[in-house]
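The letter at position 129 of the sequence shown is residue 128 when you use numbering that gives the first Met the number 0, and the numbering goes up by one with no holes.
One structure is given here, and the rest of the page talks about it.
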Amino acid sequence: MKPISKIQAVVECKCPRCRKGPIFSGKLYAFKGQTTNEYCPVCNLRFEREPGFFYVAMFISYAMNVAEMITIAVAAYILGVDLTYENLWMYVAIIMVGVFLFAPFNYRYSRVFLLHWLTPGLGYVPDLKQHQA
């Protein structure tokens, strides 16, 4: 089987070490919610590298939220919502709806970005045998 690229592994939320096992159980927008698997089902990598490891994902999620809020505000302005005092609450409402809709996306991909790009010493091992620790 041909190995998948790093970008494809990030988009599909796959394990950073084997690029086969899922990081999350559940769908992105599901009523049940999404949970991070404790271990990769293929290579047995523990995703939470140390206690409190995913606290860093909060900062990544914050940066993603800021970028999304700026993008939504600029898009609203370009689409014709005047930037006046009377329309201030319109901007706030539009931005809050966007933040609410992107929350599951931010939760998931902040953890994926942390695991794939910001964790030193964690990389792809193409010839990894299944269930190695």
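In this text, a Cβ means the ideal position worked out from N, Cα and C, and glycines have one as well.
Treat the numbers as computed from the prediction; the structure is a model and nothing was measured.
Among the options, the one whose alpha carbon lies nearest that of residue i
| i | options | result |
| --- | --- | --- |
| Trp116 | Cys14, Ala66, Pro2 | Cys14 |
| Pro103 | Tyr76, Ile3, Phe46, Gly25 | Gly25 |
| Pro50 | Gly20, Glu37, Glu67 | Glu37 |
| Ile94 | Asn64, Pro119, Tyr28, Glu85 | Asn64 |
| Pro125 | Leu87, Val10, Lys19 | Lys19 |
| Phe58 | Asn105, Asn86, Lys5 | Asn105 |
| Cys39 | Asn86, Cys17, Ile77 | Cys17 |
| Thr118 | Arg45, Ala62, Leu78 | Arg45 |
Residue j beta carbon less than 7 Å from that of residue i
| i | j | result |
| --- | --- | --- |
| Leu113 | Val55 | yes |
Spatial neighbours of residue i in its chain, beta-carbon cut-off 7 Å, leaving aside the 5 residues before and after
| i | result |
| --- | --- |
| Cys12 | Pro21, Ile22, Phe23, Arg107, Val111 |
| Ala132 | Unreliable placement is indicated for Ala132, whose pLDDT of 49 sits below 50; the coordinate value is still reported in the next sentence. The residues are Asn43. |
| Ala66 | none |
Own chain partners of residue i with C-beta closer than 6 Å, once the 5 adjacent residues on each side are dropped
| i | result |
| --- | --- |
| Leu121 | Pro15 |
| Ile3 | Arg18 |
Residue environment, residue i, which counts as buried when at least 16 other CB atoms sit within 10 Å
| i | result |
| --- | --- |
| Leu100 | exposed |
| Ser60 | buried |
| Ala62 | exposed |
| Val10 | exposed |
| Ala8 | buried |
Cβ-Cβ separation, residue j to residue i (assumed contact under 8 Å), whole Å
| i | j | result |
| --- | --- | --- |
| Val96 | Met68 | The pair is not a contact, with the Cβ atoms about 11 Å apart (cut-off 8 Å). |
| Tyr123 | Lys1 | Not confirmed; about 13 Å, so no contact. |
Cβ-based neighbour list, residue i, same chain, cut-off 8 Å, excluding 5 preceding and 5 following
| i | result |
| --- | --- |
| Phe53 | Thr35, Glu47, Arg110, Leu113 |
| Tyr90 | Ala72, Ala75, Val80, Leu82 |
| Gln33 | Phe23, Ser24, Gly25, Lys26, Leu27, Pro103, Tyr106, Arg107 |
| Leu127 | Arg16, Cys17, Cys42 |
| Lys31 | Gly25 |
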